[in-house]
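Chemist: Quick one: the structure is below, and I'll ask about it shortly.
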Amino acid sequence: MEIPYTVKPRPDTGLYNAKLGIWLFLASEVMLFGALFSSYVLLRVGAEPGTWSMGLMDIYVGAGNTMVLIASSMFVVLAWAQLKQGNLAGYKKWKWATIACAVLFLMVKWSYEWPSKFAHYDVWLNDAKVLHEKFEKGYHETASHIEPGGAAHDNTDAHDGDVEKYIEGIYTTRFFKESSVTSEDEFKKAWENGTLALSGHINSYEEAQIDFSITRWKADFGVSRADATKVLAKFSEDKADKLLQDGGELYEKTDYDTAKLAEYELGQAGFTVALSVAGYETIKKHPWMWGTKRVNEDIGGKPRVKSLVFGLDETQHHQEITLDVGDIKRLSAYEPKHSTFFGIYYTITGLHALHVFGGILIMLYNMLPVGLALWHKDREQYTNRIETFGLFWHFVDLVWIFLFPILYIL
Amino acid sequence: MSAISEAAKTAEVIEEHHEHHEQSFWRTYIFSTDHKVIGIQYGFCGLAFLFFGFCLIATMRWSMAYEGQPVPFVGPLIEALLGNSVAPGGVMSAELYNVFGAMHGTIMVFMGIVPAAFAAFGNYVVPLQIGAVDMAFPRLNMASFWSFFLGCVIMTVSFFIPGGAAQAGWTSYSPLASVIPTDGQTYWLIGMIMLITSSLLGAVNFIVTIINLRAPGMTWLRLPFFVWAQFVTAFLLLLAFPPLEAAGIMQLMDRVIETSFFLPTGLVVGGQDVDVSGGGSPLLWQHLFWFLAHPEVYVLVLPGMGIVAEIIANNTRKPIWGYKYLVGSVVVLGFLAFIVWAHHMYMTGMGTVISAFFQTTTLIISIPSIIILTCLFISLWGGSIRFNTPMLFALAFLPMFGIGGLTGLPLGFNFSDVALHDSYYVIAHFHYVVAPGTIFAIFAGVYYWFPKMTGRIMNEFLGRVHFWGSLIFMNLIFMPMFAQGMAGMSRRMSDGGATYSLANPDNADITVGALGDTIMGLNVSISAAAWAMLIAQLPFIFNLFWSVKHGEKVKSDNPWQATTLEWETPTPPPHGNFTKEIKVYRDPYEYSVPGAKEDFTPQAQPAK
Ligand code: HEM
Ligand SMILES: [Cu+2]
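These protein sequences, in sequence, are chains A and B.
In terms of my numbering, the first sequence opens at residue 1 and continues consecutively.
In terms of my numbering, the second sequence opens at residue 1001 and continues consecutively.
Here is the structure:
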């Protein structure tokens, strides 16, 4: 049994099967990305002023990556052209160039663009007054020395150390690009209501040290005494019997993970336990992707993190301020859940990156002996395969060409 | 010697010649790339899930009729399987009702009708009808089936996880679907992504096959109508499903990594502020969902129309009346299906301009549907009709689908939809389209093509019992629902509306709008009809399995004396389908051609 038109085009349609197939596949891809772009529009139109962080993207990195992809799209054609002429070596050369571009593109995303965002935070506070104090403390010095946000908007008044004006500059660049009546009104409202966020990095934080004690063991829980003792022995070999009998302290000043693991496992074995915060230790780290729950989780009446040392953006030398976790209303890294802007940004670029990654795998497969076997069997079919891949690759490129302006520029 | 054994022998000889390597059992029946095996796999899964989905609703009907009482027979079973908290003492909890309801819809639509009507018949019949050796991409075809299968496994497993399967309805509206704390919805989304992937792969394959693999002489206007219907259906799937995939990804992110695509600012759940950024749009989900789900209703019904057209032509022994109108209508339908979706959203407060637009397109799209139905009705005129089981089901399809379609018109106008939206009227309307509509078409197709698949004919007596039972009980189930809906009964209520009934003492002072005793009493009769309907399926199930071995053997490769190409193959068709060179010389339905020797002239018969 042989399926017709796998290699040669059907005369009346002018297409071989795979080429027709890839066009149809791309049509469905258009609908997929089209739906995401439509979602982008709907979310953006519906976004409340001051939540669409359009001015945050690094246009230069994005533009560089655009160039890389365009080059790769060219190489993929050159590779196919070489193949058409029967030149396998030439094909391989251009194909490697394509792969190199694709890998470079992903590396920029994966090791630079995204990670730097994951360690970057916005913090919203409960109280406008506290917020103003923090702004004053963090930005006073900078505001008296330099102009905010670069040359795009020159707030001449900013030189006089007026923090509010300085913050307005940052706000306007980030959410409105350009200053307008709307931006001024919105800023005023946000400033007065204290809905602005502090942006920067967490440089260090005070993390809870936990005292962990066992209150009692429930004999009627449904776990036998012997089994419960065995579970307890995992955490305390020598004192297990006594702890089970009378309760008492299991850990002193232990860390969160240890305490939580013990709480869970002992809970399953019928123990009631009590966790309390004995003190806090300062940890110097730039944590990734923390959320509000990560810092203010309640442990015996106290938060898991007491305070953050926060290095502020757009200040000289990343001016540090200390934030009391009790003052924090919401904290989010620049990750998908930060806002609908970042949500759709990561979704579209992530899905696109997945396509690039898939493309790399296919290209590698075609270059390996398993893939090349087809070349030795049927040159025309192999060439067709590379051609259809090229169509896919152009599409991936095209998606980026739409994606770049709407996410980085507009 | 009969024609069948001759052809079968040739087939065997050819088989031996071409296939030197023995294919293992696994390659032949499980991981097969043969379109016929894949078609049967889809058909088997599809029918099984239709039955399962039906059992879910049969159980729910108990809760509606006798809320708070233990479900007989299955109650203890459910309690044992799913746990005492969801079905204490065999009583269906409201949560379980929601689970079953959401999964009834999901299973029926995506795991029942689509695989059975589109994928099964499409796979088995389309390549045969166009004279192709297989689908254009056999391995992709297999991948499509297994992706579907995986999706089904995920959906099925989700019943057994803590908290059970999805509960937010088959429409999965956010924010509800995003904030329900159990994991069922997450499984639902992952399962849906698998099912969508399967449909996309399948759609590409169908379209390429139909465009590129038609036998010589099989021009576009010689294609059987069934092939046209499948062709348009494949385009609908190809273009409408990706937006739901996008929406599914976003809802998954809302659930798993706490984004706010569909969560509005200031969302409060259970009296608590939800710790999310907000700023999302619940309407966005509805738009993306219905952008798929309206075309999806045509996905559900077009293959059925195609099947019915084949069977009507064959059993009236005359050409389909207005073949070209049918083709034109189905193509127009395909286009229009993409611009009517917001008629499901009149209640969302859209402006008058947008509302007027969608009302207009909705009424326009009813025209091609009516043309198709009218053509099929006219086709009956003056035919010498053979009333065999497939024909009975095909004939019943016409008025049933007609009721479904006509009762849809009031839902297409926003002024009447405001009253009927989300009521049992809607349930009755779309079930008339899909249950006595598409399901009857599926039955018709099974009875009709079974002889080609197995070489035996299904028992006619059992077929008639199945038909009359199904027809009567279908109507006893769904007709009263119109009345309930117009009386104001909402859908998705585990107590069948008791809370809002006159009988409820809390409503003693309500004189207008509470549900009266007659309307409430219908719950019991509907439920009884549903269980009777379940019993009416037993002859079919028995017949299906029994006839494989014991049915009456066909006397030729073309037992219905049909004209289309699938009957040119040996029975059952071997790998590669045709044992002779296939060329097409004529239109699909040349029945009773004046001057011809017999009352049918196959497409492959050369002109004299
Ligand atoms: C004869 C068999 C069937 C019966 C007795 C039946 C009955 C019902 C009933 C009573 C409901 C409303 C449940 C509620 O609102 O609480 C319902 C919902 C539904 N049914 Fe069926 N049905 C049948 C077959 C089908 C078929 C073949 C389909 C295929 C598309 C289907 C699709 C749906 C959908 C999509 C819903 C809405 C689920 C939701 O509310 O999310 N049903 N069915
Ligand atoms: Cu619709």
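For every residue, glycine included, the Cβ atom is placed at its ideal position computed from N, Cα and C.
If we cut at 9 Å on Cβ distances, does B:Gly-1304 have a partner in chain A?
Modeler: Within the second sequence, the letter at position 304 stands for residue 1304 of chain B. Taking Cβ atoms only, chain A never reaches closer than 9 Å to B:Gly-1304, which makes this a no.
Chemist: So, with DSSP's three-state summary, where would you put A:Glu-281?
Modeler: What you label residue 281 of chain A is simply residue 281 of the first sequence in a count that begins at 1. Three-state DSSP puts A:Glu-281 in a strand.
Chemist: Compute the beta-carbon to beta-carbon distance between B:Ala-1313 and B:Tyr-1124, rounded to the nearest angstrom, for a pair I have assumed lies under 8 Å.
Modeler: Taking the second sequence and counting its residues from 1, one reaches residue 1313 of chain B at position 313. Taking the second sequence and counting its residues from 1, one reaches residue 1124 of chain B at position 124. So it is not a contact: roughly 19 Å between Cβ atoms.
Chemist: Grouping DSSP H, G and I as helix and E and B as strand, with all else coil, what is B:Val-1268?
Modeler: Position 268 of the second sequence holds residue 1268 of chain B. It is a strand residue.
Chemist: Quick one: is the Cβ of B:Ala-1240 within less than 8 Å of any heavy atom of ligand 2?
Modeler: If you number the second sequence from 1, residue 1240 of chain B lands on position 240. Not so, every heavy atom of ligand 2 lies at least 8 Å from the Cβ.
Chemist: Is the beta carbon of B:Ala-1119 closer than 9 Å to that of B:Ser-1158?
Modeler: Working through the second sequence from its first residue, we reach residue 1158 of chain B at position 158. Working through the second sequence from its first residue, we reach residue 1119 of chain B at position 119. Against a cut-off of 9 Å, the Cβ pair of B:Ala-1119 and B:Ser-1158 comes out as no contact.
Chemist: Can you find a heavy atom of ligand 1 that lies under 8 Å from the Cβ of B:Phe-1413?
Modeler: Along the second sequence, one-based indexing puts residue 1413 of chain B at 413. No.
Chemist: Counting only runs that start and end within the segment 1029-1090 of chain B, where is the alpha helix (DSSP H) found for 4 or more residues in a row?
Modeler: List check, alpha helix (DSSP H) in window: 1035-1065, 1074-1082.
Chemist: Answer with yes or no whether the minimum CB distance from A:Thr-156 to chain B is below 9 Å.
Modeler: The residue you call residue 156 of chain A lines up with position 156 of the first sequence. Confidence at A:Thr-156 is low in this model, with a pLDDT of 47, below 50, so the placement of that residue is unreliable and no value is reported for it.
Chemist: Please determine, among B:Gly-1455, B:Pro-1181, B:Ile-1439, the residue with the shortest C-alpha to C-alpha distance to B:Gly-1616.
Modeler: Absent from the model: residue 1616 of chain B. The displayed extent of chain B is 1001 to 1608, so no value can be given.
Chemist: Would you check if the distance between the CB atom of B:Tyr-1447 and the CB atom of B:Phe-1393 is smaller than 9 Å?
Modeler: Looking up residue 1447 of chain B in the second sequence gives position 447. Looking up residue 1393 of chain B in the second sequence gives position 393. Cβ atoms of B:Tyr-1447 and B:Phe-1393: closer than 9 Å.
Chemist: Given a threshold of 16 other Cβ atoms within 10 Å of its Cβ, counted over all protein chains shown, does A:Lys-117 qualify as buried or as exposed?
Modeler: By one-based count along the first sequence, residue 117 of chain A stands at place 117. It counts as buried.
Chemist: Would you please verify whether the beta carbon of B:Ser-1277 is less than 9 Å from any beta carbon of chain A?
Modeler: What you label residue 1277 of chain B is simply residue 277 of the second sequence in a count that begins at 1. Chain A, which has a Cβ nearer than 9 Å to the Cβ of B:Ser-1277, makes this yes.
Chemist: Among all residues, which have a Cβ less than 6 Å from at least one non-hydrogen atom of ligand 1, and in what chain order do they fall?
Modeler: Those satisfying the condition are, in chain order, B:Phe-1054, B:Ile-1057, B:Gly-1101, B:Ala-1102, B:His-1104, B:Gly-1105, B:Met-1108, B:Val-1109, B:Ile-1113, B:Gly-1169, B:Trp-1170, B:Thr-1171, B:Leu-1300, B:Ile-1427, B:His-1431, B:Val-1434, B:Ala-1435, B:Ile-1439, B:Ile-1477, B:Arg-1491, B:Arg-1492, B:Ala-1530, B:Met-1533.
Chemist: Can you confirm whether B:Asp-1134, when its beta carbon is compared against all beta carbons of chain A, has any partner nearer than 9 Å?
Modeler: The residue you call residue 1134 of chain B lines up with position 134 of the second sequence. Yes, B:Asp-1134 counts as interfacial toward chain A.
Chemist: Should B:Glu-1245 be flagged as near chain A, meaning a C-beta pair shorter than 9 Å?
Modeler: Here residue 1245 of chain B is taken as the residue at index 245 of the second sequence, counted from 1. With 9 Å as the cut-off, B:Glu-1245 counts as an interface residue toward chain A.
Chemist: Residues of chain B with CB closer than 7 Å to the CB of A:Leu-36, please, in chain order.
Modeler: Taking the first residue of the first sequence as 1, we reach residue 36 of chain A at position 36. Here the neighbours are Ala-1246.
Chemist: Going by the C-beta, is B:Val-1340 closer than 8 Å to any heavy atom of ligand 2?
Modeler: Numbered from 1 along the second sequence, position 340 holds the residue referred to as residue 1340 of chain B. It does: the Cβ of B:Val-1340 is within 8 Å (strictly closer) of some heavy atom of ligand 2.
Chemist: Less than 6 Å between C-beta atoms, sequence neighbours within five positions excluded: which residues of the same chain meet that for B:Gln-1286?
Modeler: Here residue 1286 of chain B is taken as the residue at index 286 of the second sequence, counted from 1. Contacts found: Met-1345.
Chemist: Under 8 Å: does the beta carbon of B:Trp-1612 sit that close to some heavy atom of ligand 2?
Modeler: Here chain B comprises residues numbered 1001 to 1608, so residue 1612 of chain B is not present and cannot be evaluated.
Chemist: Mind checking whether the beta-carbon of B:His-1575 lies closer than 8 Å to any heavy atom of ligand 2?
Modeler: Translated into the one-based positions of the second sequence, residue 1575 of chain B becomes position 575. No, the beta carbon of B:His-1575 sits no closer than 8 Å to any heavy atom of ligand 2.
Chemist: Could you give the distance in angstroms between the alpha-carbon of A:Pro-4 and the alpha-carbon of B:Leu-1213?
Modeler: As a position in the first sequence, residue 4 of chain A is number 4, starting the count at 1. As a position in the second sequence, residue 1213 of chain B is number 213, starting the count at 1. C-alpha separation (whole angstroms): 7 Å.
Chemist: Suppose the cutoff is 6 Å on Cβ atoms and the five residues either side in sequence are ignored; what does the same chain contact list for B:Arg-1628 look like?
Modeler: Nothing can be reported for residue 1628 of chain B, as the shown portion of chain B is limited to 1001 through 1608.
Chemist: Based on the DSSP secondary-structure assignment, which residues constitute the bridge partners of A:Lys-239?
Modeler: Here residue 239 of chain A refers to the residue found at position 239 when the first sequence is read from its first residue. Paired residues: none, contrary to the question.
Chemist: Grab me the residues of A:Val-7's own chain with a C-beta within less than 7 Å of its C-beta, minus the 5 sequence neighbours each way, in chain order.
Modeler: Here residue 7 of chain A refers to the residue found at position 7 when the first sequence is read from its first residue. Taken in chain order, the residues that qualify are Tyr-16, Asp-378, Glu-380, Gln-381, Asn-384.
Chemist: Between B:Ile-1403, B:Gly-1469, B:Thr-1362, which has its C-alpha nearest B:Met-1479's C-alpha?
Modeler: What you label residue 1479 of chain B is simply residue 479 of the second sequence in a count that begins at 1. The candidate whose alpha carbon is nearest that of B:Met-1479 is B:Ile-1403.
Chemist: Taking just the CA atoms, how far does B:Ile-1372 sit from A:Gly-62?
Modeler: To locate residue 62 of chain A, count along the first sequence from 1; it is residue 62. To locate residue 1372 of chain B, count along the second sequence from 1; it is residue 372. So the alpha carbons of these two residues sit roughly 52 Å apart.
Chemist: Got a sec: is the Cβ-Cβ distance from B:Gly-1083 to anything in chain A below 9 Å?
Modeler: Locating residue 1083 of chain B in the second sequence gives position 83, counting from the first residue. It does not: the Cβ of B:Gly-1083 has no partner Cβ on chain A nearer than 9 Å.
Chemist: From A:Leu-131, A:Phe-176, A:Phe-175, pick the residue whose C-alpha is nearest to that of A:Val-163; which is it?
Modeler: On the first sequence, position 163 is the one that residue 163 of chain A refers to. When each option's Cα is compared against that of A:Val-163, the closest is A:Leu-131.
Chemist: Tell me where the beta strand (DSSP E) around A:Leu-137 begins and ends.
Modeler: Here residue 137 of chain A refers to the residue found at position 137 when the first sequence is read from its first residue. It should be noted that the sequence gives Lys, not Leu, for residue 137 of chain A. Here A:Lys-137 belongs to no beta strand (DSSP E); instead the alpha helix (DSSP H) covers 128-145.
Chemist: Which value, in whole angstroms, describes the spacing of the CA atoms of B:Ile-1367 and B:Thr-1233?
Modeler: Position 367 of the second sequence, counted from the start, is the residue given in the question as residue 1367 of chain B. Position 233 of the second sequence, counted from the start, is the residue given in the question as residue 1233 of chain B. Straight-line Cα distance between these residues: approximately 18 Å.
Chemist: When you check each C-beta in the segment 340-364 of chain A against every C-beta of chain B, which residues fall closer than 7 Å?
Modeler: Within the segment 340-364 of chain A, the qualifying residues are Thr-340, Gly-343, Thr-347.
Chemist: Would you kindly work out how many angstroms separate the C-alpha atoms of B:Ile-1477 and B:Arg-1027, rounded to a whole number?
Modeler: On the second sequence, position 477 is the one that residue 1477 of chain B refers to. On the second sequence, position 27 is the one that residue 1027 of chain B refers to. Spanning the two alpha carbons is a distance of roughly 43 Å.
Chemist: So which residues of chain A does B:Ile-1211 contact, with C-beta pairs closer than 7 Å?
Modeler: Residue mapping note: residue 1211 of chain B aligns to position 211 of the second sequence, counting from 1. Ordered by position in chain A, the residues that pass the 7 Å Cβ test against B:Ile-1211 are Thr-13, Leu-20.
Chemist: If you measure from the CB of B:Val-1297, is any heavy atom of ligand 2 nearer than 8 Å?
Modeler: In the second sequence, residue 1297 of chain B corresponds to position 297, counting from 1. At least one heavy atom of ligand 2 is nearer than 8 Å to the Cβ of B:Val-1297, so yes.
Chemist: Put A:Pro-405 into one of helix, strand or coil per three-state DSSP.
Modeler: Start at 1 with the first residue of the first sequence, and residue 405 of chain A comes out as number 405. Three-state DSSP puts A:Pro-405 in a helix.
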